[in-house]
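Enquirer:
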Amino acid sequence: MIYFDIFLAFFIPGILGYGGGPASIPLIENEVVDRYGWLTVNEFSEVLALGNTLPGPIATKMAGYIGYLEGGVLGAAVGVFATVAPSLILMITLLGLLMKYKESPRVKRMTTYIRPVIAVLLGVMTYDFLFSSYEGVGIWQTLFIGGVSFVLLEKLKVHPAYVIAGSLVYGAFILA
Numbered sequence: 143m144i145y146f147d148i149f150l151a152f153f154i155p156g157i158l159g160y161g162g163g164p165a166s167i168p169l170i171e172n173e174v175v176d177r178y179g180w181l182t183v184n185e186f187s188e189v190l191a192l193g194n195t196l197p198g199p200i201a202t203k204m205a206g207y208i209g210y211l212e213g214g215v216l217g218a219a220v221g222v223f224a225t226v227a228p229s230l231i232l233m234i235t236l237l238g239l240l241m242k243y244k245e246s247p248r249v250k251r252m253t254t255y256i257r258p259v260i261a262v263l264l265g266v267m268t269y270d271f272l273f274s275s276y277e278g279v280g281i282w283q284t285l286f287i288g289g290v291s292f293v294l295l296e297k298l299k300v301h302p303a304y305v306i307a308g309s310l311v312y313g314a315f316i317l318a
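Residue numbers (our numbering): 143 to 318.
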C-alpha cells in the first residue's frame, strides 16, 4: 500500500503542476506534509534545499529521496516514475497523434514554424550563458573555454561529454 501512496503523492502533482518543478513544489508539499504526514514542514524545506543544490529536475530528485525514505529503493523508483509518468504518457500520446498525421499539410507547416522558434530559444539561452560566464570569470577565460571547446568539437570531432568533463576539470583547478 505504501508504494501506491508514493505513486499517488507524486503522480497527482505531476499532472496538476503545469510549469515544471517550481509549479509542482507546493502540490508535492501538500501531499507529503499535509496528506500523508511523511515529513514536517521543516524537513520538507530541507529536502527542497537539498534538491535545489543538485543538478536536474527538482521534482524527480525530491520524489526519489522521499520515496526512498518511505519505501526504500523500490519506493524511490516508484516516486521517480510517478513524477515523470504524466509527461511520459502525454509525450507518447502526442507522438502517436503526430505520427498518425505526419503527412498532413498542417502538421508539416507546424513543424516548419516550430524550428525557427527553437533556434531563437537556443540563441537566447546561449547569450544568457555567455553573459553569465563573462560576469563570473571574465572575458578572457570565457573566450578561451569557448574557443578550445569549438576547436575540439568542430575541428577535432571530440565527443561532447569529453569536452564538458575537460571544462569541468579546467574550472575546478584553474578557475576555483
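Using N, Cα and C, we set each Cβ at its ideal position, and we do this for glycine too. Predicted model only: the values in this text are computed from it and were never measured.
Could you say which of 222, 204, 278 lies nearest to residue 149 if we only look at CA atoms?
Expert: For this step, residue 149 is matched to residue 7 along the sequence shown. Answer by Cα proximity: 222.
Enquirer: Since residue 155 is in the alpha helix (DSSP H), which residue starts that stretch and which ends it?
Expert: Counting from one through the sequence shown, the residue named residue 155 turns up at place 13. Here the alpha helix (DSSP H) through residue 155 covers 144-158.
Enquirer: Mind checking whether residue 210 and residue 217 have CB atoms under 8 Å apart?
Expert: What you label residue 210 is simply residue 68 of the sequence shown in a count that begins at 1. What you label residue 217 is simply residue 75 of the sequence shown in a count that begins at 1. Yes, the pair counts as a contact, with Cβ atoms nearer than the cut-off.
Enquirer: Taking its Cβ as the centre, do 16 or more other Cβ atoms sit within 10 Å of residue 274, making it buried, or is it exposed?
Expert: Here residue 274 is taken as the residue at index 132 of the sequence shown, counted from 1. By the neighbour-count rule (16 or more Cβ atoms within 10 Å), residue 274 is not buried but exposed.
Enquirer: Given this structure, state the Cα-to-Cα distance separating residue 285 from residue 277, to the nearest angstrom.
Expert: Residue numbering aside, residue 285 sits at position 143 when the sequence shown is read from its first letter. Residue numbering aside, residue 277 sits at position 135 when the sequence shown is read from its first letter. Cα to Cα, residue 285 sits roughly 12 Å from residue 277.
Enquirer: Kindly list the residues whose CB is nearer than 6 Å to the CB of residue 136, restricted to its own chain and excluding five residues on each side of it in sequence; keep chain order.
Expert: This structure cannot settle anything about residue 136, because the visible part of the chain is limited to 143 through 318.
Enquirer: From this set, 172, 255, 316, 288, which residue's C-alpha is nearest residue 269's C-alpha?
Expert: As a first step, residue 269 must be located in the sequence shown, where it is residue number 127. Measuring from the Cα of residue 269, the nearest candidate turns out to be 288.
Enquirer: Whose CA, out of 202, 259, 240, 272, lies closest to the CA of residue 153?
Expert: Here residue 153 corresponds to residue number 11 of the sequence shown, with the count starting at 1. Residue 153 has its Cα closest to that of 202, out of 202, 259, 240, 272.
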